[in-house]
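In my numbering, the protein residues as written are 116 to 603. Even glycine gets a Cβ: it sits at the ideal position worked out from N, Cα and C.
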Amino acid sequence: MAREVLMLKVGYFYRTEILIALFGLILAPGLWAQTRPIAIVGGTLIDGTGAAAVADSVVVIRDGKFQEVGERGKVSIPQGAEVIEAKGKSILPGLIDGHCHYRDWMGEVYLAYGVVTCPNISNNPVEWIVAQREGVKNGSVRGPRVWASANIIDGPPPEGTGTLRRQRTSIIVDSEDEARKAVRGLVEKGVDGIKLFERLKPQVAKAAVEEAHKYGRPVFGHSLDIFTSAENGYQSVEHSWSVVYTSIQDPKKKHDLDIGRMLGKVDTAEVHAQMEPAMFDKIIKVMIEKNVHWSTTWATWFRPLSTHAAEMKQRELALLRNPQLKYLPAYILKDTESFFAKYEKMAPEKRQEVVSGYKMLQEFVRRFTAAGGKIHSGSDPNHVVPGYAIHAELEMLVEAGLTPLQALQTASINVAQAWGKEKDYGSIEKGKVADFFIVRGDPSKNISDTQNVEMVFIDGKKMDTSFHADYKNPMPRPIEDRPEGGSQ
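This is the structure in structure tokens:
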């Protein structure tokens with residue numbers, strides 16, 4: 116029988132409060148009604164399809180959808196439309212966080228950085244994350260759209276490690292029947308996708324994937340062996356270390372590094388120095404053949420090695436010290452300060468080791484992308500600000516050799532494709548949902564311009580992107596955000 120490690124505080128009263136809030140707002144008339152069309156005129160359009168930027172464009176939005184998109188002179192501006200002049204600015208697809216760990220305090224931080232969708236793949240209680248999704252839909256929660264996976268399905272912890280901290284809300288299964296039952300239970304509660312952790316036996320993981328696909332749900336997961344994950348049908352493998360472990364051929368070496376990292380004895384960044392590049396082409400070939408996407412989440416570990424490191428540190432600390440963001444958990448500022456300090460104080464030989472791993476990772480990114488692989492940029496907010504982390508990853512991807520247009524796809528259409536939602540989301544095309552943001556400058560020439568956010572639209576509606584000291588999610592997460600000394 117599956118053992119559910121669910122230390123939840125979701126009781127009758129909490130669920131009742133959610134239902135009252137949701138039904139009251141669902142019944143509110145015209146909550147998302149659009150009064151007249153909008154025309155964005157004169158800006159540089161980067162549509163997210165990979166097509167060249169259009170320097171002088173017109174984008175028309177009606178009833179929450181892109182009605183017409185193209186060059187000025189080829190697109191008519193509807194009579195009576197609200198015209199937004201965008202000369203000297205760029206229009207981009209709303210960003211989709213490729214590795215979102217959604218928490219109740221993140222909403223307006225995401226919006227401020229142009230992130231319009233959070234495909235949650237964190238270990239969140241299913242009732243709560245589904246309620247967040249519905250709350251955003253009906254307007255009771257101010258934040259990005261949520262695509263919900265919830266409690267992560269995992270196997271028993273390795274012998275001798277005890278119960279892993281990260282498994283405190285996981286559903287632990289050890290058989291194929293248990294895995295299928297766990298997936299069905301999450302689907303019945305309304306999830307949009309399923310996430311698996313790497314402690315699952317291969318045949319148990321395969322059963323979970325088959326059950327998820329039966330219900331039309333994509334699967335995302337940690338992996339110690341991408342070959343097996345690809346064969347089992349994962350849509351995406353998460354984290355750069357999945358490639359590291361897959362490349363290591365010595366089983367004992369792989370096992371020791373894996374357990375050492377899990378127990379905090381080996382730093383994640385240091386693990387990358389053990390990559391074996393001779394395996395790269397074989398890994399890439401399988402990922403391309405099986406259409407397995409990859410979320411690097413490398414900003415959370417390697418941005419102090421970026422050529423933009425000084426600016427990144429300055430931006431992040433300035434943001435975290437903003438008086439209007441005093442509601443953010445104290446650990447974020449503390450962890451960010453200590454994270455950059457760790458690299459600044461790192462012994463030369465240790466830094467050289469970490470740099471070697473980062474360079475190999477950059478090489479894999481280049482080769483994977485050149486072969487047609489799909490990367491996701493995501494926050495994975497451990498000692499990095501959610502939302503902002505995506506922009507840091509975009510800078511790092513361009514440093515690694517991707518074009519700005521390729522980099523932008525990693526936080527838009529690629530993620531939508533993995534979730535099976537590319538028909539409606541992920542790019543600025545006629546008939547798609549009007550999720551976009553406007554920035555000063557031209558990210559097709561300077562990727563850092565994505566951070567100059569001026570306006571953000573979800574479903575064709577302009578969002579409030581300012582910070583408010585009294586920001587509060589009406590449905591607090593029912594378990595602690597992060598245990599002392601732990602990760603998300």
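Secondary structure of residue i, DSSP reduced to three states
i           : result
residue 406 : coil
residue 574 : coil
residue 496 : coil
residue 234 : strand
residue 153 : strand
residue 433 : helix
residue 591 : coil
residue 185 : strand
residue 272 : coil
residue 448 : helix
residue 216 : coil
residue 506 : helix
residue 199 : strand
residue 518 : coil
residue 342 : helix
residue 565 : helix
residue 70  : Nothing can be reported for residue 70: it is not among the residues displayed for the chain, which extend from 116 to 603.
residue 321 : helix
residue 476 : helix
Contact check, residue i vs residue j, beta carbons under 9 Å
i           : j           : result
residue 306 : residue 283 : no
residue 432 : residue 451 : yes
residue 590 : residue 263 : no
residue 508 : residue 563 : no
residue 183 : residue 169 : no
residue 501 : residue 330 : no
residue 439 : residue 551 : no
residue 398 : residue 490 : no
residue 423 : residue 352 : no
residue 565 : residue 497 : no
residue 401 : residue 345 : yes
residue 304 : residue 348 : no
residue 578 : residue 174 : no
residue 411 : residue 494 : no
residue 604 : residue 505 : Outside the modelled stretch of the chain, which goes from 116 to 603, sits residue 604, for which no answer is possible.
residue 441 : residue 385 : no
residue 270 : residue 319 : yes
residue 394 : residue 429 : no
residue 172 : residue 153 : no
residue 586 : residue 220 : yes
residue 313 : residue 338 : yes
First through last residue of the beta strand (DSSP E) which encompasses residue i
i           : result
residue 555 : 551-555
residue 263 : 260-263
residue 376 : Careful: residue 376 lies outside any beta strand (DSSP E), inside the alpha helix (DSSP H) at 366-377.
residue 309 : 309-311
residue 204 : 204-208
residue 176 : 172-177
residue 336 : 334-336
Close Cβ partners of residue i (< 8 Å) along its chain, the five nearest in sequence each way excluded
i           : result
residue 143 : Below a pLDDT of 50, predicted positions are generally treated as unreliable, and residue 143, at 42, falls in that range; no measurement from the model is reported.
residue 136 : Confidence at residue 136 is low in this model, with a pLDDT of 45, below 50, so its placement is unreliable and the value that follows should be read with caution. Answer for residue 136: 250, 255, 589, 590, listed in chain order.
residue 599 : Low per-residue confidence applies at residue 599: pLDDT is 42, beneath 50, and the placement is therefore not dependable, though the value from the model is reported in the following sentence. Same-chain partners within the cutoff: there are none.
residue 560 : 519
Supposed contact pair residue j and residue i - C-beta distance, whole angstroms, cut 8 Å
i           : j           : result
residue 362 : residue 391 : 4 Å
residue 260 : residue 573 : 6 Å
residue 208 : residue 541 : 6 Å
residue 448 : residue 435 : 4 Å
residue 192 : residue 198 : 7 Å
residue 526 : residue 258 : Not confirmed; about 17 Å, so no contact.
residue 158 : residue 204 : 5 Å
residue 268 : residue 323 : 6 Å
residue 528 : residue 164 : 7 Å
residue 161 : residue 523 : 6 Å
residue 372 : residue 336 : Actually they do not touch by this definition, with Cβ atoms about 19 Å apart.
Nonlocal neighbours in the same chain, by C-beta distance under 6 Å from residue i, ignoring five residues either side
i           : result
residue 388 : 468, 471, 472
residue 327 : 298, 309, 334
residue 132 : Bear in mind that the predicted position of residue 132 carries a pLDDT of just 43, short of 50, making it unreliable; the figure below should be weighed with that in mind. Within the same chain, residue 132 has no close Cβ partners at all.
residue 427 : 418, 507
residue 458 : 419
residue 503 : 228
residue 138 : Below a pLDDT of 50, predicted positions are generally treated as unreliable, and residue 138, at 44, falls in that range; the measurement from the model is reported next regardless. Result list for residue 138: empty, nothing under 6 Å.
residue 317 : 343
residue 454 : 498
Contact set for residue i: own chain, Cβ-Cβ below 7 Å, skip 5 residues either direction
i           : result
residue 516 : 481
residue 568 : 227, 228, 229, 552, 554, 580
residue 548 : 179, 180, 539, 540, 574
residue 218 : 592, 596
residue 359 : 386, 387, 389, 390
Host alpha helix (DSSP H) of residue i (start-end)
i           : result
residue 352 : Careful: residue 352 lies outside any alpha helix (DSSP H), inside the beta strand (DSSP E) at 351-353.
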